[in-house]
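The sequence shown begins at 167 in my numbering and counts up one residue at a time.
Ideal Cβ positions, reconstructed from N, Cα and C, are used throughout, including at glycine.
Structure record follows, encoded as structure tokens.
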Amino acid sequence: MTPELMKLENISFAYETSPVLENLSVAIQEQDFIGLIGPNGSGKSTLLKIMGGILESDSGSIQFKESPISKINKKLFAQSVSWIPQDHPMVFPFKVSEIVLMGRHPYLSPLSFESSEDFEISRRAMETTMTSQFADRYFNEISGGEKQRVMIASALAQNPEMMLLDEPTAALDLKYQVQILKILKDLNTAHKMTLILAMHDLNLASKFCNRLILLDAGKIVRDGSPQQVLEKDILEQVYDVEVDLDYKDGSIRVHPAIRN
Ligand code: ADP
Ligand code: MG
């Protein structure tokens, strides 16, 4: 049994008054590669923000490595868990290398400058994510797939144990979707990185993730291997559409049933 990295117990959360997550409990194991799936508005982004310490739950508890996160030093938590939002508005013109170096911020003391080690770690993060070639370009001037890789590089420079990514492949064409997922898969296997990705593409999720968590209206309705989660009945109920499933090369494919 791999050790638990993060444990959420009875988490509830509401924006103002409308409840979004209700009594949700889940344990994340080290080196999990989790696809967080579910329809629009089911609470995926909210859950990632709570796990990343961006939002605080109204009730319930979260433990990271068996310590309540409320008791963990904020800087230490920021070093350990990195959250990559779905869109990254960058109004101020930063160069790619500067954005990656910003990932080192949780390690710097106030007013201190980056050390040669910080530069070296950033360089390696760019190498891993294949972003070195546009280090000197402006973030605003690169493509969507490149931007996403830069955001992953910046998160990686943080040297986290866990990365939370909100729809990292949304808005990318197929080639870049697969490229991003391969980079993440490699981090997961070679670097033992624990990953949670909010995703819409059930087929890519089933191919790359070892575990899927299916959310419906703020509740976890299935949690397990792709085989356990991607079942016709539950998918039709949660997504409110007829689906056909087929199996190829050990992975499941889900198609909306289009009948004339
Ligand atoms: P998902 O990522 O699965 O699409 P979200 O976590 O973004 O779901 O949203 C869950 C619910 O919370 C939705 O009903 C959404 O409208 C609502 N919601 C999300 N963000 C906010 C916000 N900042 N203020 C108020 N309601 C929000
Ligand atoms: Mg979302």
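Using the Cα positions of residue 263 and residue 323, report the straight-line distance between them to the nearest angstrom. Their Cα atoms are separated by approximately 11 Å.
Extent of the continuous beta strand (DSSP E) run through residue 279: Boundaries cannot be given for residue 279, as no beta strand (DSSP E) includes it and DSSP labels it neither H nor E.
Check whether the stretch 240-256 and the stretch 193-202 are in contact - that is, three or more C-beta pairs closer than 8 Å. With a cut-off of 8 Å, the stretch 193-202 and the stretch 240-256 do not count as touching, because too few Cβ pairs lie within range.
What distance in whole Å lies between the Cβ atoms of residue 328 and residue 360, which are believed to be in contact at a cut-off of 8 Å? Right, their Cβ atoms sit about 4 Å apart.
Is it right to say residue 405 is buried, meaning 16 or more other beta carbons lie within 10 angstroms of its own, or is it exposed? Buried is the call here.
Could you check whether the Cβ of residue 385 sits closer than 7 Å to any heavy atom belonging to the ligand MG? It does not: the Cβ of residue 385 is nowhere closer than 7 Å to a heavy atom of the ligand MG.
Roughly how many angstroms separate the alpha carbons of residue 381 and residue 287, rounded to a whole number? About 36 Å.
Same chain, Cβ closer than 6 Å to residue 368, neighbours up to 5 away in sequence not counted: Within the same chain, residue 368 has close Cβ partners 420.
I want to check one thing, is the minimum distance from the CB of residue 178 to the heavy atoms of the ligand ADP below 7 Å? Between the ligand ADP and the CB of residue 178, the shortest heavy atom gap is not smaller than 7 Å.
How would the residue list near the ligand ADP read, in chain order, if you kept each one whose beta-carbon is closer than 5 Å to any heavy atom? Here the residues come out as 181, 186, 206, 207, 208, 209, 210, 211, 212.
Let's test the definition: count the other Cβ atoms within 10 Å of the Cβ of residue 395 and tell me whether it reaches 16, buried, or not, exposed. With 16 or more other Cβ atoms within 10 Å, it is buried.
Compute the minimum distance between the beta carbon of residue 345 and the heavy atoms of the ligand MG, and state whether it is under 7 Å. Not so, every heavy atom of the ligand MG lies at least 7 Å from the Cβ.
So, for residue 186: in the same chain, excluding its five sequence neighbours on each side, which residues have a beta-carbon less than 8 Å away from its beta-carbon? Excluding residues within five positions, the ones whose Cβ falls inside 8 Å are 179, 180, 209, 212, 384.
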